[in-house]
Structures are given as C-alpha cells and as structure tokens.
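S.K.:
Protein chains: 2
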Amino acid sequence: MPKAPKKSPSAPKFSRHTVEARREMLVDAGLACLARHGILGFTIDRICTEAKVSRGLITHHFQSIDGLLAAVYGAMYGKALVAIENPRVPLNATPEARLASIIDAMFSKEFFNRESLNIWLALWGEIANNPELLKEHRKQYARYRRGIERTLEAVALARGKKIDTALVAMMFVSLVDGLGLEWCIEPKLLSAREARQACFKLLEPILGPLQ
Amino acid sequence: MPKAPKKSPSAPKFSRHTVEARREMLVDAGLACLARHGILGFTIDRICTEAKVSRGLITHHFQSIDGLLAAVYGAMYGKALVAIENPRVPLNATPEARLASIIDAMFSKEFFNRESLNIWLALWGEIANNPELLKEHRKQYARYRRGIERTLEAVALARGKKIDTALVAMMFVSLVDGLGLEWCIEPKLLSAREARQACFKLLEPILGPLQ
DNA sequence: TACGTTATTATATGGTAGTTCAATAAGGAA
DNA sequence: TTCCTTATTGAACTACCATATAATAACGTA
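Chains X and R are the protein sequences, given in the same order. Residue numbers for the first sequence follow numbering that gives the first Met the number 0, so the first one is 0 and each next one is one higher. Residue numbers for the second sequence follow numbering that gives the first Met the number 0, so the first one is 0 and each next one is one higher.
#1: Using beta carbons (cut-off 8 Å, strictly below), is R/Lys6 in contact with chain X?
#2: Under DSSP, the alpha helix (DSSP H) around X/Arg15 begins and ends at which residues?
#3: Taking a contact to mean a Cβ-Cβ separation below 8 Å, would you say X/Ala79 touches X/Phe110 in this structure?
#4: Does the beta carbon of X/Asn117 come closer than 8 Å to any beta carbon on chain R?
#5: Ignore the nearest five residues each way along the sequence and tell me which others in X/Leu56's own chain have a CB closer than 8 Å to its CB.
#6: Quick one: grab the DSSP three-state call for X/Asp163.
#7: Can you find a C-beta in chain X that's less than 8 Å from the C-beta of R/Ile184?
#8: Shorter than 8 Å from the beta carbon of X/His59 to some beta carbon of chain R?
#9: At the 8 Å Cβ level, is R/Val26 part of the contact set with chain X, yes or no?
#10: Let me see if you follow: with CB-CB separation under 8 Å, is R/Asp65 close to chain X or not?
#11: Under a CB-based cut-off of 8 Å, is X/Gly29 close to chain R?
#12: Could you tell me the alpha carbon to alpha carbon distance between R/Tyr143 and R/Ala69, rounded to whole angstroms?
#13: Excluding the five sequence neighbours on either side, which residues of its own chain have a C-beta within less than 8 Å of the C-beta of X/Ala127, listed in chain order?
#14: Cα-Cα, which of R/Val52, R/Ser53, R/Gly73 and R/Phe13 is closest to R/Leu30?
#15: Could you confirm whether any beta carbon from chain R is found closer than 8 Å to the beta carbon of X/Pro204?
#16: Excluding five sequence neighbours on each side, which residues of the same chain lie with their C-beta closer than 6 Å to the C-beta of R/Ile38?
#17: By how many angstroms is the C-alpha of X/Gln210 removed from the C-alpha of X/Glu95?
Take a look at the structure:
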C-alpha cells in the first residue's frame, strides 16, 4: 500500500458547487493572491492552487483571467459601498454622524489593513491598462463618489454652508486613497488613527467642527 | 538583389556606448513600457525591442529585470527631486514662494501627465512586493518627504504658526499622490488646475493665505 | 593598419503564462 | 438504484518569461 490515500477510495475526488458559490471561492482566492504578491501574482496557476481547483475552472466561470480580475475588483467595492451607502448609524442620525461613521469605517481594521490596501494598489495600477477592469471601475467608482458627495452635501446643507461638492469630494477621496497608499508601502510612517485624523483636518475647515 | 539591406554592407550592425549612456537608454525604454502597459508590460522582450537592442543587454547592465526596475524608479524620483530641492525661484525668495513653486511644478505638464502617472501607479503597486524596489523606495522617498517637510516648516516658521510638520507633510504628499491617482484613471473628473487648487485648499487653513 | 578590450548579439534552456477541449465524475432527479 | 446534467478535471498547446553563456564585432589604442 504505497502512498496511502488520505480518504477512503469511495470518497469523491472533488465536490461540485453552485455557479455562484464557486465564483465566490475563486474571487476569494484571487483576492488572496493579489494581497500576497500584487498583480504579478494574479495568475491562473496561483489562484487555482489557492482555491484548490484545477486550471480549467477560471476560464469556465469567468471566460478569462481578466474576467476574474474584474469580478475581484467588484468584490472589493462591494464591501466598501456597504459602509458608505448604509453607515452604521440610526436612521434618524445627523448628516455629521453619517459622515463620521463613514470615515471611522474607512480607517477601521476591516478596510485599513495591508492585505486590502495591497489589493487596491495592485488594482489601481492596472485599471488604465486593462479595458475590462476599466469598465468595472467606471461602474463602481461612480457609485462610490456619488455616496461621498451626497454625504458631504448633506452636512453642508444642514449647516448652511455653500461648498464646491465635487471638488471637496474629490479632495476627500484623493486624501483617503493617498493615505492608504503611503501606509501600505510604509506603515510605520503613520497610524490608522493619524490617517483618520487627517481626514477631519481636511474637512473641518470646509464644513466646520465634526467631532 | 533580394531584400536589399538599408545600409551598405560595411555599416556597423550595432553601435557601442559607454556603460552610463546605455544604462540611461535602457531606463528610458523601461519607462516607455511602464507608461504604455503598466507593470505587466515591463518585460525583457518589450524593453529590448523598445530600446532596439538584443535580449541579453539588460542582464549585462542591471544583473536582472528587477535591477532595471529599481533604476527606473530612481530615475522617476530623480526628476521630481530636482523640482523640490531646487525650486525655480530666486535664492532670496520667501518660503511661501518656494512652496508655491513646488506645487506649480507638481501639476505642470512635465510631471502631471498620464504617462508619468501611469508609471507611478505601476511602481506603487509593486513596491510592497519587490524587495529590490522597496530598498530603492526607502532611499528616495525619505529625501522627498524631508524636502516637503522643510519647505512647510519654513513657511510655518516665517508666519509664527506652530504645525505638526510630519502630519501636514503626510497629508500633503498623500493628497498629491491621491489626486494623481484619480486623474490618471479618469482624467475627465478633474483638471490639473483643480488638482493644484486642491493643494492650496488643504494647506491654507493650516498655513494661512498662500496665493 | 593591426590589436585588444569588452559591449553587444544571438541562441539555448527551463519555467510559466493563458486558453482550449475531450474525458470524467459528482450529485440531484426519476 | 439508474440516469442525466453539467461542474470539474487534466493534459495539450502556443506563446512568452528571465537568465546564462559562448560567439561576435565595434572601436579606441598602439
């Protein structure tokens, strides 16, 4: 009995899943590869090994490796959009409380961690060079910006301040992404707390005290 | 006379250059590939084709493809550091004028263009995943931040303002990088002029009027 | 003009990339 | 239990990857 099989001979060699479930498993494996090795680690071989499936499955479920990459991008935004469109505050919360909740979420451990940020960095560098990814980006990013703009606009309105909403939103989004970039590359140069503080320091001169 | 050669038979098949000159040519070719196709386009084949040399030359001059990538990164910083450490203002210019000159340079066509920004994006995504690149980054980025910190500190000192220099510098650098990121991916969402304006809008509540 | 140094070429090598597709077998339905 | 659908496997294929190295030839020097 050389190389004893770990399971009984009658055990299935693999298990079948619904299309949706398997797609999610492959997306998760893709995220793991992106987090660990960046865009150069996003390969059929690596991802299938990570997901413990054979090489043919990605093409079967996503047509191509780029199809999976677009799905991975959508999954990243999916998580973030929940926090922005449904901040964890009471329904009757003030606009200020909604904004503060969004900022807190952005710099919480769930989003502000090296794995997630390394994924974002890897994706950002490819958007402009990958048509399929760009298409997905346009869809998701529009929603993201709209959510931020509405929140900022609501605060300004509640305080009777007139602001250039598009510009302030762009500044806020840019600062958040920029802080994530710096921290991902060299985490010791700032803390999540300082990054969060930086956002308030940007917005308070424009919107008034927020905390 | 089939397939007539374009040059006389006695013409050299290639020309020799000094090590320094050839290294620069390879770096330029690497930059072009990065600008056009991102990090996935940074390959021996592509770069050598771009530079019109044979495949062995990169290894000969840089040991490996990662060695060339680190040199490319250094070249990008080299250009930017000139503008920061030697802003185009008179020697006796005010700190405010020096700061304004740096900001103007950052959003000038020389730096704020899609090619350059696509290169930065490609590099940022790889720093955390490439030890050789990380080493080069640490060397260059420290100089960059120091230059920004000194300039901000000088303005604050001249105006008798007390600021958290490290935090303000981090905010400024993050905003600049973030704006470049957004603009590179979707240039129609803001102009270079608005990006420049955003920097002043961040700094003026902290340092007072700057323009 | 001939020589010597060495930058450069060109090929070989072993690995890994993404995609295709026929064969397989899991697991629900009958 | 048997059958059928189809998710999944796994090998084949072509293309491209980085690197090593021996042969070549450019060009300054003597």
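Note that the Cβ used here is the ideal one computed from N, Cα and C, for glycine as well.
M.R.: Working from what's here:
#1: For this step, residue 6 of chain R is matched to residue 7 along the second sequence. Annotation note: pLDDT 44 at R/Lys6 (below 50); position unreliable, no value reported.
#2: Position 16 of the first sequence, counting from 1, holds the residue named residue 15 of chain X. Segment: none, X/Arg15 is in no alpha helix (DSSP H) and carries neither H nor E.
#3: Here residue 79 of chain X is taken as the residue at index 80 of the first sequence, counted from 1. Here residue 110 of chain X is taken as the residue at index 111 of the first sequence, counted from 1. Note that the C-beta distance between X/Ala79 and X/Phe110 is below 8 Å.
#4: Here residue 117 of chain X refers to the residue found at position 118 of the first sequence. Taking a beta-carbon distance threshold of 8 Å, X/Asn117 counts as an interface residue toward chain R.
#5: As a working mapping, residue 56 of chain X is identified with position 57 in the first sequence. The answer, listed in chain order, is Arg21, Leu25, Cys47 and Ala50.
#6: Position 164 of the first sequence, counted from the start, is the residue given in the question as residue 163 of chain X. DSSP, read as helix, strand or coil, puts X/Asp163 in coil.
#7: As a working mapping, residue 184 of chain R is identified with position 185 in the second sequence. Among the CB atoms of chain X, one or more fall inside 8 Å of the CB of R/Ile184.
#8: In the first sequence, the residue the question calls residue 59 of chain X occupies position 60. Cβ-Cβ to chain R under 8 Å: no for X/His59.
#9: Mapped onto the second sequence, residue 26 of chain R falls at position 27. Put simply, the CB of R/Val26 is far from chain X, with every gap to its CB atoms at 8 Å or more.
#10: For the purposes of this step, residue 65 of chain R is taken as residue 66 along the second sequence, with counting starting at 1. No, its Cβ sits nowhere closer than 8 Å to a Cβ of chain X.
#11: Here residue 29 of chain X refers to the residue found at position 30 of the first sequence. Answer no: the Cβ-Cβ gap between X/Gly29 and chain R never drops below 8 Å.
#12: Here residue 143 of chain R is taken as the residue at index 144 of the second sequence, counted from 1. Here residue 69 of chain R is taken as the residue at index 70 of the second sequence, counted from 1. The straight-line gap from Cα to Cα measures roughly 16 Å.
#13: What you label residue 127 of chain X is simply residue 128 of the first sequence in a count that begins at 1. By the criterion of a C-beta distance shorter than 8 Å, X/Ala127 is surrounded in its chain by Leu133, once the five residues flanking it on both sides are discounted.
#14: Counting from 1 along the second sequence, the entry for residue 30 of chain R is found at position 31. The residue with the shortest Cα to Cα distance from R/Leu30 is R/Gly73.
#15: Looking up residue 204 of chain X in the first sequence gives position 205. Interface residue, yes.
#16: Locating residue 38 of chain R in the second sequence gives position 39, counting from the first residue. Once the five neighbours on either side are set aside, the close Cβ partners of R/Ile38 are Ala121 and Glu125.
#17: Translated into the one-based positions of the first sequence, residue 95 of chain X becomes position 96. Translated into the one-based positions of the first sequence, residue 210 of chain X becomes position 211. Cα to Cα, the separation comes out at about 9 Å.
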